[in-house]
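To start, the structure itself, in structure tokens.
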Amino acid sequence: MRVLGIETSCDETGLAVYDTEAGLLAHSLHSQVDLHAVYGGVVPELASRDHIVKLAPMLNKLLIDNGISKDSIGAVAYTAGPGLTGALLVGAGFARSLAYAWAVPVVPVHHMEGHLLAPLLEPEPPEFPFLALLVSGGHSMLVDVKALGDYRILGTTLDDAAGEAFDKGAKLLGLPYPGGPALARLAESGDPAAYAFPRPLCKKPGLDLSFSGLKTALVIQVKKIPELSERNRADLAASYQQAIVDSLVIKSLRAAELTGAKRLVVAGGVGANRLLRARLQSDFAARGGQVFYPRFEFCTDNGAMIALAGALRASAASDDLAFSARARWPISELSPLSEASHG
Ligand code: KG4
Ligand code: ZN
């Protein structure tokens, strides 16, 4: 079956067609970065309006450019949450209308489940069960994944998400939105040992994360330097990035020890961070484990992960004309496939 995937939870419009036999057939992405950059962050109303404008022409182009007939699509999957309510409703309404016009069912998809399953789009996908580190702009969590839909949250952030920590740190260093990739780039020329930043909660047992104290430590450090030189900024970025990555690596290894997991999946926007990828790769391999990532472009929001999750959850498809979106939606509320198909 071919599934069209639609992602509009935040500031990226993503579309893709996934075929359960042939794999990913096509995908396209429009980033709203330029639209929001002047405001220093995502403006929800502008995000919704831009999704409305982009979706239909992007879909036409995707199908035409890749020679995909609309008649070959067997279901439409869309991100139903979590995310910005208005942005989600645009995607949900578009998906539901298309499905009605094409007389195919719709599959609501959980955005974080999309991220979690994104490594399955790669040529050597991980097998279940695995441990997942989900690190995005809105979420940071360690999840014990027994099977599709069987998710136990082992630890989560008590305050800011890892991506948020990157974004707020970047803002303090005068970097443009979106801050994560900009801070990582600046860090490349800095000394990660130049400043001693805390690794919150790492000395305490447990798998929860915290990043707001780290951000405060950066604020205090920045205030101590009357005029930041390029060297200061690069050193601060490198030391700050090192502290975030250390926290994520320490907690991931601890979770692997507690669960005995041999496979670790890293997904979500912060999964594109090169230092995090390299550190997890080497530290996890050293204890006989294997790490799986989506390719860089599928770490951040995209339609391919939603089309894939929709295809895997096709048994949960519905012909109900009502559609919904949930701004908040814990991933642990999802059900394994067999139960979902009855739900
Ligand atoms: O998954 P995502 O695209 O959107 C959400 O679902 O939130 O994640 C976006 C987050 C942003 O906070 C962004 O700054 C961060 O991922 N990010 C990075 C990198 N690329 C994206 N953080 C650190 N290093 C990167 N290379
Ligand atoms: Zn995301």
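First residue of the sequence shown? That's 1215 in my numbering, and the numbers climb one at a time after it. The beta-carbon is built from N, C-alpha and C at its ideal position, and this holds for glycine as well.
- A direct Cα-Cα distance of roughly 7 Å separates L1535 from R1310.
- Around the CB of D1374, 16 or more other CB atoms lie within 10 Å, so the residue is classed as buried.
- For the set I1439, S1461, G1295 and T1473, the Cα lying nearest the Cα of F1537 is the one of G1295.
- The nearest non-hydrogen atom of the ligand KG4 is 6 Å or more from the C-beta of A1536.
- At a cut-off of 6 Å, the beta-carbon of P1392 counts as near the ligand KG4: some heavy atom of the ligand is closer than that.
- A Cβ-Cβ contact shorter than 7 Å links A1301 with T1222.
- Distances between the C-beta of A1294 and the heavy atoms of the ligand KG4 are all 6 Å or more.
- For M1215, there is no enclosing alpha helix (DSSP H), since its DSSP letter is neither H nor E.
- Distances between the C-beta of D1515 and the heavy atoms of the ligand ZN include at least one below 6 Å.
- The continuous stretches of beta strand (DSSP E) do not include A1408, and DSSP gives it neither H nor E.
- Rounded to whole angstroms, R1477 and G1297 show a C-alpha spacing of 28 Å.
- Of G1369, L1421, D1405 and T1430, the smallest CA-CA separation from K1385 is found for T1430.
- Here DSSP, grouped into helix, strand and coil, assigns P1419 to coil.
- Taken from the Cβ of S1350, at least one heavy atom of the ligand ZN lies inside 6 Å.
- Rounded to whole angstroms, the gap between the alpha carbons of P1414 and F1425 is 7 Å.
- Set against 6 Å, the gap from the CB of F1380 to the closest heavy atom of the ligand KG4 is smaller.
- Measuring C-alpha to C-alpha distances from A1346 to each of E1235, L1269, V1479 and A1313 identifies V1479 as the nearest.
- In the displayed model, P1319 falls within coil according to three-state DSSP, outside both helix and strand.
- V1318 counts as buried, since at least 16 other C-beta atoms from the protein chains shown sit within 10 angstroms of its C-beta.
- Across the set L1362, P1550, L1400 and V1484, the C-alpha of V1484 shows the shortest separation from the C-alpha of S1350.
- For H1244, the uninterrupted beta strand (DSSP E) segment begins and ends at G1237 to S1245.
- In the structure shown, F1537 falls within a coil segment according to DSSP collapsed to helix, strand and coil.
- Annotation for S1354: the continuous beta strand (DSSP E) segment containing it runs S1354 to A1361.
- The three-state secondary structure of L1442, taken from DSSP, is coil.
- Pairing P1333 with F1506 gives a Cβ-Cβ distance under 7 Å.
- Here the distance from the Cβ of N1487 to the nearest heavy atom of the ligand KG4 is below 6 Å.
- Secondary structure of I1282 (DSSP, three-state): coil.
- Taking every protein chain shown into account, the CB of Y1253 has fewer than 16 other CB atoms within 10 angstroms, so this residue is exposed.
- Of all alpha-carbon atoms in E1259, D1364, L1276 and V1247, the one lying nearest the alpha-carbon of A1518 is that of L1276.
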